[in-house]
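In our numbering, the protein residues as written are 51 to 314. C-beta atoms are modelled at their ideal positions from N, C-alpha and C, and glycine is treated no differently. As the structure is a computational prediction, the values presented were derived from the model and not from experiment.
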Amino acid sequence: MNGSWFLVKYVDDIFRNEPVNVGVVVTADGGVGSHFLGQRPDGSINGQRIGKRVSGIDTYRAWVRFIRKEAVRGNLDARVESLSKRVGESYLIERRGPILDGGIEKTPQALADELFTALVSLDVPQAQPLVALAEDAFKQLAFPPGHGIDRNVDYQVKIRDVPQLLTFDYRYAAGRTTLMDRVSLSRPGKRLVQSVNDLLYRIEAVEKQRGIGNFVALYSGADCPPQAERQLELLNKFAHTVDLSAARAKDDISQIIGVPAQAV
Numbered sequence: 051m052n053g054s055w056f057l058v059k060y061v062d063d064i065f066r067n068e069p070v071n072v073g074v075v076v077t078a079d080g081g082v083g084s085h086f087l088g089q090r091p092d093g094s095i096n097g098q099r100i101g102k103r104v105s106g107i108d109t110y111r112a113w114v115r116f117i118r119k120e121a122v123r124g125n126l127d128a129r130v131e132s133l134s135k136r137v138g139e140s141y142l143i144e145r146r147g148p149i150l151d152g153g154i155e156k157t158p159q160a161l162a163d164e165l166f167t168a169l170v171s172l173d174v175p176q177a178q179p180l181v182a183l184a185e186d187a188f189k190q191l192a193f194p195p196g197h198g199i200d201r202n203v204d205y206q207v208k209i210r211d212v213p214q215l216l217t218f219d220y221r222y223a224a225g226r227t228t229l230m231d232r233v234s235l236s237r238p239g240k241r242l243v244q245s246v247n248d249l250l251y252r253i254e255a256v257e258k259q260r261g262i263g264n265f266v267a268l269y270s271g272a273d274c275p276p277q278a279e280r281q282l283e284l285l286n287k288f289a290h291t292v293d294l295s296a297a298r299a300k301d302d303i304s305q306i307i308g309v310p311a312q313a314v
């Protein structure tokens, strides 16, 4: 196999100029292979596997898509040239050298995987679970005396005249009641759909029978695979949605429940 390989770097602080390796791309006559930080087996990016190493998960995903597309088009060398002339760019692509046929046949993807293991550290801090993210956000709110967040709140409703107990993760009741529930968007396929449908079922039942009309779905956008976007759009029709991994999470919750955020 003859071709070239490229190293992709990210620079968080342009002033300090301390790039970190985030991906490898291999282009050859046999095709293109790539491996990026946070990459799942299907090629999508898991934001939770990136931790705090890269700022702006959506921007990172967009760059990964762009680099892959340019590699397939055979334009990566040209992009290396154009990016080298841009000042203050957070993403860098370096052409590291040729790949010569040493008699051992490897696919571009297999070689990209090997180079990634050697050059990109996998020692990435694990993202906080949703429950910890939620508690962190609540701690940053200035609740009035005598008020706070209730946890694991039950409501009794009737479904076809059969009593049922429905539970929500959180409640804030001060004039207006707001019910909040955690939703893990990283669940695969049917499990994700079932989880979202379960929350929508509880929202509809409590809204109709208990007169509560303010609901919040808490999720982490750091791990929102493409197939979860449709479920997130559905949730938005029934409830406010708050990305707990975003810096604005406490401000979003503050606005929804009417409690000021603490001054930093």
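Annotation for residue 183: 294 place their beta carbon closer than 6 Å to its own, counting only its chain and skipping 5 residues before and after.
One Cα belongs to residue 222, the other to residue 274, and the distance between them is close to 27 Å. Scanning the region 288-313 for uninterrupted beta strand (DSSP E) segments of 3 residues or longer gives 290-293, listed from N- to C-terminal end. In terms of Cα proximity to residue 210, the closest of 170, 259, 162, 202 is 259. In the three-state reduction of the DSSP assignment, residue 208 falls in the strand class, which pools E and B.
With contacts defined by Cβ atoms closer than 8 Å, residue 61 and residue 68 form a contacting pair. Burial is judged here by how many other beta carbons sit within 10 angstroms of a residue's own beta carbon; residue 244 has fewer than 16 and is exposed. When DSSP states are grouped into helix, strand and coil, residue 97 belongs to the helix group. In the DSSP assignment, residue 92 falls outside any beta strand (DSSP E), carrying neither H nor E. Rounded to whole angstroms, residue 71 and residue 279 show a C-alpha spacing of 28 Å.
A distance below 6 Å between beta-carbons, with the five flanking residues on each side excluded, links residue 82 to the following residues of its chain, in chain order: 121, 122, 158. Put simply, the region 222-241 touches the region 184-200. At least three CB pairs are less than 8 Å apart.
A direct Cα-Cα distance of roughly 17 Å separates residue 54 from residue 86.
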